[in-house]
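A.B. asks:
Number of protein chains: 2
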Amino acid sequence: MTTRRGRPPRNVLSRERILLAGLALVDEEGLGAVSMRKLARRLGVDPMSLYNHVDGKDALLDGIAEVLLAAIPAPPPDAGLRETMSALAHSFRAAMLGHPRAAPLVLSRRLASMTALAPVEAVLAPLLAAGFPPDRAVHGLRAVLAFLIGTLMREVEAAPTFSGAHRLAELEGSGLPAVAAAAPFLAVCDHEAEFAFGLGILLDALEP
Amino acid sequence: MTTRRGRPPRNVLSRERILLAGLALVDEEGLGAVSMRKLARRLGVDPMSLYNHVDGKDALLDGIAEVLLAAIPAPPPDAGLRETMSALAHSFRAAMLGHPRAAPLVLSRRLASMTALAPVEAVLAPLLAAGFPPDRAVHGLRAVLAFLIGTLMREVEAAPTFSGAHRLAELEGSGLPAVAAAAPFLAVCDHEAEFAFGLGILLDALEP
DNA sequence: ACCTGAACACCGTTCAAGT
DNA sequence: ACCTGAACACCGTTCAAGT
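Chains as they are written, first to last, in the working numbering: chain A, 1 to 208; chain B, 1 to 208.
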């Protein structure tokens, strides 16, 4: 039986359906391609219908950012300080790399919502439990978050594996001696290693 | 005498004039308000004339980002490693804070130009001189840069001094215990201190 | 070489009207 | 309560025409 009583409504719009379709649109075509009209087309609906569930384009983008944020899993509750922070950092990174074209929404927008507070709580709790005074804990949180945002912004905006050879030659011929000397390492970027290196420095500094 | 021989041409367009007017437009009205048509209006020129000097809107934004980057002064050449890195970090920050609404162009776009390489050289040179092997020097550069980008993204996107009291109450009533406990420190952000704290950690770690 | 203006295919959002 | 479509004031960019 393909229909129940009253058959399932074909085109129920909802905030959630809109945000998910929006995220899919960003994933496929990039942030620049997002428009209310195109999203409506994709949902088989009049553009104006979206405004019944979402406050406008800007609120739509904020909503998509929150969908991404909400996908960050909570860290294991029994872990120590360092493992907790590290797990959260890696989860955050994985969530962003899972939607690289949408990630800038999270990385560059001021999100004041409750959703954004859950990861904050998850970082702050072990810091306070480890005996950090609240002001120091917030300092630490913000330093790590700044590094995460900066690193991910780079990963996510990076060209999809620049050919390398051409880049190398360019750097070596730049006329800048230090740049030329380090050219082989500037031409490529092992994002994984870069992430581990910087995160390690910061977590070391937060060891009680 | 208000005119010299042949009188100064009234409406000479040039790439430089366009980029500077673009930066002024961003400063005054924000990134979202930038359009080729509005910029042309501001320059007293047909919109299409801009295309003779700039490759399109995206290239315009890249050009504005480079104007910002070019304004970063070189560090004093005789300083030690730490002072050089610190001076550059502060100069970078000052340049961005001088144009907070345009800063995201620098912070979020992949800039492959020569202009972007000058600060790289300025950081790399003292690291290599201090005896860092090139791969480690690049690691250090990237960690500091990630932190700078993340910090500045936060400073620059921050609401112009959120009322504070309202925010505080919101955090305390969030139901999240660690967030509530640290609420007084989460509600405000001393960007200067935050910057010094994180930068200190990273520069300490790069001490030879 | 540079500037112009018309034209094309789009935007976000308001508003009055429908169910 | 939700959806629709026309309308308004915009966009970026192509193209043919001017100087």
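From the three backbone atoms N, C-alpha and C, an ideal C-beta is built for every residue, glycine too.
#1: Tell me whether Leu-97 of chain B is buried or exposed, calling it buried when 16 or more other Cβ atoms sit within 10 Å of its Cβ.
#2: Here's the rule I'm using: 16 or more other beta-carbon atoms within 10 Å means buried, otherwise exposed. How should Asp-190 of chain B be labelled?
#3: List the residues of chain A whose Cβ lies closer than 7 Å to the Cβ of Val-120 of chain B, in chain order.
#4: Counting only C-beta atoms, is Arg-93 of chain A closer than 8 Å to chain B at any point?
#5: Indicate whether at least one CB of chain A lies closer than 8 Å to the CB of Ser-86 of chain B.
#6: Does the beta-carbon of Val-34 of chain B have 16 or more other beta-carbons within 10 angstroms, so that it is buried, or is it exposed?
#7: Does the segment 136-145 of chain A come into contact with the segment 191-199 of chain B, if we say contact requires no fewer than three beta-carbon pairs (one atom in each stretch) closer than 8 Å?
#8: Can you check whether the CB of Pro-100 of chain B is closer than 8 Å to the CB of Val-188 of chain B?
#9: If I follow the unbroken alpha helix (DSSP H) through Val-45 of chain A, where does it start and stop?
#10: Is the separation between the beta-carbon of Arg-109 of chain B and that of His-53 of chain B shorter than 8 Å?
#11: Kindly list, in the order they appear in chain B, the residues whose Cβ is closer than 9 Å to that of Ser-174 of chain A.
#12: CA-CA distance, Pro-244 of chain B and Val-123 of chain B?
#13: With distances taken between CB atoms, is the gap from Leu-43 of chain A to Leu-13 of chain A smaller than 8 Å?
#14: What separation, rounded to the nearest whole angstrom, lies between the Cα atoms of Leu-68 of chain A and Ala-95 of chain A?
#15: Give the secondary structure of Val-188 of chain A by DSSP, where H, G and I count as helix, E and B as strand, and everything else as coil.
#16: Can we say the segment 175-183 of chain B touches the segment 114-128 of chain A, given the rule of at least three CB pairs closer than 8 Å?
#17: Mark Gly-63 of chain A as exposed unless 16 or more other C-beta atoms lie within 10 angstroms of its C-beta, in which case mark it buried.
#18: Assign Met-48 of chain A to one of two classes, buried (16 or more other C-beta atoms within 10 Å of its C-beta) or exposed (fewer than that).
#19: In chain order, which alpha helix (DSSP H) runs of at least 4 residues are fully inside the segment 13-43 of chain A?
#20: Counting only runs of 4+ residues fully inside the segment 79-125 of chain B, write out the alpha helix (DSSP H) ranges in chain order.
C.D. replies: In this structure, then:
#1: exposed
#2: exposed
#3: Val-179
#4: no
#5: no
#6: buried
#7: yes
#8: no
#9: No alpha helix (DSSP H) holds Val-45 of chain A; DSSP gives it neither H nor E.
#10: no
#11: Met-114, Leu-117, Glu-121
#12: A question about residue 244 of chain B goes unanswered here, because the residues of chain B that appear run from 1 up to 208.
#13: yes
#14: 7 Å
#15: coil
#16: yes
#17: buried
#18: exposed
#19: 15-29, 36-43
#20: 81-97, 103-108
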